[in-house]
Each structure stands twice: as C-alpha cells, then as structure tokens.
Amino acid sequence: MLLLKGGFTMLISVLPLLLLLLLTLPLNGWTSRPPRVYLSYRDLMESRSARSFTFGFNTSDYRILLLDQDQDRMYVGSRDYLLSLDLGNINREPLIIHWPAPLNRHKECLMAGKGRADECYNYLRLIQPLNRTHLYACGTGAYQPQCALIYRGWRSEDYVFRIVSGSIESGKGRSPYDPKQENMATIIDGVLYAGVQVDYMGTDSALFRTMGNKPPIRTEQYDSRWLNEPLFVGSLVVSESSFKEDDKLYILFRERSLEGENGPAVLSRIARICLNDEGGLRSLVGKWTSFLKARLVCSVIGQDGVETAFDQLRDIFIQQTQDKHNPLIYGVFTTLGSVFRGSAVCVYSLADIRAVFNGPFAHKEGHGYQMTSYSGKTPFPRPGACAGGFSVPGIRSSKHFGEDVLRFVRTHPLMYSSVYPVNRRPLLLLSDATYTYTSIAVDSVPAADGEYTVLFLGTDRGTIQKVMILPRATEETEGLILEEVEVFRTSSPIKNIKISSKRHQLYVSSDVGVTQLSLHRCSGYGDSCADCCLARDPYCAWDGKACARYTPSPTRRSRRQDVKNGDPHRQCRGYNTQSKCADGRVGTS
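My numbering numbers the first residue of the sequence shown as 366 and each following residue consecutively.
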C-alpha cells in the first residue's frame, strides 16, 4: 500500500465532525517523496514529447470516446462537435463533424430553464464501431438525445468522416439527457448496451439493450433494489466458459445505498447480465432475468482496526492477462465529503468477483431491517445463470425459466458478500492531499529485472502522474511517483485517459482540449548514469551516453538499469555516478 502526502487517514461516515476528527489515525510511517520530475505545460511542450489539440470553434467538454488502433484513429466528442484524430499526430488533418442540436430544440431547452450551465447544446457522449465502415454516435441534443450513423470509410487513408444522410434518430435509452450525467455504452455484435438516464427529469436510470437482432430489454423500472440513482462508470465483456451462451457483460457504477441507515450514502457496485438474456415470459417481460449486483469495497484498515472506505468509483481500466477469462479491473475511488479528501486505486480479480456472484444472496425483511444472508431455498436454475450455458444447458431461453426463479431475481438482485481488492488492500492510497485522482490508464512494462506495473493517473488539478508500482515483502507494494506533468495550458480536471502501448503514447482529455504525450521522457531525469538509474523508470536505461528508452534485447548488454533497487554504484561503474542535486523540481528517488 502506498500513502501519498501525509501519513494519516480518517473514518468517513455520518458521524459528527468532532468524532470524525478524533478518529484520525496513522496508517504507517511512510510518506511519499515528491515526483522525480515535475513538468509545467511549457516544459512539456519544450520537451517535444507532447502535442495539444484545440480548435478555434466555440466548444468545450472534450471526451475521448474511442481509440481505434486498427485504423489509427481516435474519436473525441465535445459540445456540438465530433472529431476524428490521427493517433500518430493528433494535429495532422483532423476530421470534424459539426453536429449541433436543432435550433428549435435549443430554444425550447432555454425556455425550460436548462441553459444556466450551458446544457442546451449537443454534447457527444457515445461513439462505438458498428462495422468496418460505420460508427454509431449519440449526443444529449439539448435534453432531447439523438443518435446517427457515421461513415468513416474502409481505411483511415480515405479521410472521410460524415453523418449518413437520414440516419439521425431518437437517442432515448442510449444517450443521457443531462450532459452532467455519466453514462456507459458499448456495442457487442451490433447490439447496444447502455447504462443511461432515460427521462428528461432524471428520475429513471436503467441498463438498456437496444438495436440489433435481440429484443429490447432493461432493468426493472422505479425499483430501488435494482438501481438507486446510479452513475455508470464502465463495463467489460467476459467469456465465462467454453459455452458462448455464458458470455456476460459486467457493469461498474456507483449508486445511493440501501444497505442501512448507518452505512455510507453512496456505494460502488459491479453488476452483470447475460448477453443472451431475452427477459421473462410472464414475469419480467422485457426485463433482465440475469441482473445481479455486488458491492465493490476499496478500503484501508487503520492501526486501531477502524476501516476507512473509498466509496466513490470514478474510473476503471481493464488489463488483459494471459488468461482471457480473468482480466484485472483497476478502479480509481475517492471519498465522499468535504472534510477529508482522499483517493485510492484498487485492483480486482475476476475470479474473486465470480466467487461473490456464486455466493449467498442478500435479504432484507423490510424497511428498517439490516441486510442479512438469504437462508431460504434458492430456486433452480440458480438466479443469474445464463440460459443454455454450462450450468443449465437444457434450458435454451430465459423465457423458459420458472416463475419462482423470476420472482427471486426481482426481489434479490444484491449479493450478500462484497468484492474485495487483491490482497484486500488498495494498491495505491492518496491521503490528505489538495487534489484527487479522476482517471486511470495502466501499462505493463518489461525491464531488465522483471516486469513492472505503471499507473498513469489523471488529477482534478489537470496533471498526469506516472506512478511505478514496486512489489515489497508480505504482499505489500510501494508506489514511486516518477513524473508529474501539466498537460493543458489552462488547468482543468482530467476527464479521461487512453493509452496505446503499441505507440508508447498517452491521450488525455479535459474541458479545454486533448493532449497526446509520450509514455516516457528519459532525458528529463538527467545527463548522468546515476540520474538515470536513480529515476527507476522501467521505460528508461543508460545506454552509455544518455538516459534513453529501454528496449529489451539480448544484444544490448551495455544498457544500465536497476528498477528494483535504483543502485547507481552497482550499475554505473565506469560512468559518471554523480546525480543532480535538488533544484526544487528534480531530486533523488
């Protein structure tokens, strides 16, 4: 566990402020050093390792919606504009679609009093590949969501990007009404799955399936046991077994809690549904018959045993592993409240998540009762099972599930056990800081002494931190802040981050623009072997003349690198071993 900026944490709950302060407790004695390198926006641009994209039209709220590495394009949504940018150089011949809300709709939105915060525009919130030549895109449409087909051509060299004539349609159940409302959307085999606000007033949010050759389906309406004011964060598709019928979509979100009056007001969740779900025949008609959810816990235990929870899930990153059935889920979490600001990164194993979904269901007798483990008889097939899958191959459709199964699913969508992170502790902890983390991307980096995990973390002060995770004894980890960079001329919270390990590039968006930057700036660590070695950056090594990008190769034995220990005396014999003294920005690690 890494503790950044301060050696303490607090219990976050509904306790009075005095008690809250009394419960401030030290976690351990470790305090982080500042980043090895801090680059201002000007420094970053002068390093020639980054490019910033903005254009002269009146727009804002840039969001990277899709990274297409097959066509080497990045698709960005903003207010009234959809952008197609070159992954190699985001300023090279950008393709732009101007897609404003209809003028009459803009005026109606203003008359309804929705224009005080610039809501009465078309904020692009969804773009997904539909096939080789077309994308499907949606926007808020000044509180009247709309979607359209986008033609992009067969190849990126075609330089075509336009709305297909006559394809604009209603985006209800696909895009949010309110641009401030977070949404989730993905297209799988031509079918759109979306977690979204469904109505103008924002009182009905649902997990929808529309389009394609499958019947429309959604979560139960106005039933807080299923969803209670959810804010959707992300999703992933997983092949659970050799049976395609077992394929599932996992959805990550946060929502208002129903667990108990003394618990947190907001909890983070992971839910799942079967892709082949067709709804019920008599009960749950047009509703999910496989929807289940569980709590995601990201917390730390203090020395006196008091648990501090980070309950606000902000962003996720899915890291594939050698086992395609078991990717890792990295999540950025923050605390709720103005007294204490903290962030944490927790990592979850899909095996642990499956174990919770295969465990006991939560049960609540009525209002005022606490959640307990359901002790009655569980119907067959087990609620949440996929029709035709490994566990129920004889039932080919969810419409053939018994009424007892459907009644149970309707009333018991929550699992009793919670999902805990790997090693039951955060991978990274930021405590007592003046900023919080907002977004994350992850890279696995081969080095001379092993493979290392590097986190790229966006902050609400408009910077990107590069943090290398260093394994320690007893399953603990240490985080080293290798670098922090200002990525925009005007400070603005980071909206999202996308990474291309193939190109060694990071793509970052905020309200004010999009920036592309290299994953490494090795020369910035200094001009001696010792500086390079002390940086402990797995992307970098001393090549005999300079600190340069490390490339694994059996023929490059002269390259000096020691990520694990950062020992220049052992690595830099025969080279300059003096490192730079601290000048306020560069110091030893």
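Glycine is no exception: its CB is placed at the ideal position from the N, C-alpha and C atoms.
- Exclusion of the five residues before and after R914 leaves H885, C887, Y904 and C905 as the residues of its chain whose Cβ lies within less than 7 angstroms of its Cβ.
- R935 sits in a helix when the DSSP states are folded into three classes.
- Shortest Cα-Cα distance from D717 to any of A659, D892, S425 and S449 involves A659.
- Here D932 is exposed, its C-beta having fewer than 16 other C-beta atoms within 10 Å.
- Segment contact: the segment 829 to 837 against the segment 764 to 776, fewer than three CB-CB distances shorter than 8 angstroms; contact not assigned.
- With at least 16 other beta carbons inside 10 angstroms of its own, N487 counts as buried.
- The Cβ atoms of E643 and P580 lie closer than 8 angstroms to each other.
- Following the DSSP letters along the chain, one finds T776 in no beta strand (DSSP E) but inside the alpha helix (DSSP H) bounded by residues E768 to T776.
- When secondary structure is reduced to three states using DSSP, Y734 falls in the coil class, being assigned neither helix nor strand.
- Of the residues S883, K609, Y785 and T842, the one whose Cα lies closest to the Cα of H869 is S883.
- DSSP places E547 outside both helix and strand once states are collapsed to three, so it counts as coil.
- Within its own chain, the residues whose Cβ lies closer than 6 angstroms to the Cβ of P595, once the five positions on either side in sequence are excluded, are S570, F618 and E620, listed in chain order.
- In the DSSP assignment, D808 falls within the unbroken beta strand (DSSP E) covering Y802 to A812.
- Within the segment 391 to 448, the complete beta strand (DSSP E) runs of at least 3 residues fall at 402 to 404, 415 to 418, 428 to 433 and 438 to 443.
- Taking every protein chain shown into account, the CB of T568 has fewer than 16 other CB atoms within 10 angstroms, so this residue is exposed.
- Beyond the five residues adjoining it in sequence on each side, H499 comes within less than 8 angstroms, by CB distance, of L514, I515, Y516, R517 and V529 in the same chain, given in chain order.
- The DSSP assignment places 677 to 684 and 693 to 699 as complete runs of the beta strand (DSSP E) inside the segment 674 to 707, in order along the chain (cut-off: 3 residues).
- Only residues of its own chain outside the window of five on either side were considered, and among them C503, P510, Q511 and C512 have a CB closer than 6 angstroms to the CB of G536, listed in chain order.
- In the DSSP assignment, no residue is bridged to I533.
- Judged by their CB atoms, N548 and R490 are nearer to each other than the 8 angstroms cut-off.
- Apart from sequence neighbours up to five positions away, the residues of its chain that approach A813 with a beta-carbon distance below 6 angstroms are Q926, ordered along the chain.
- P544 and Y508 have their C-alpha atoms some 8 angstroms from each other.
- K860 sits buried, since 16 or more C-beta atoms from the chains shown fall within 10 Å of its C-beta.
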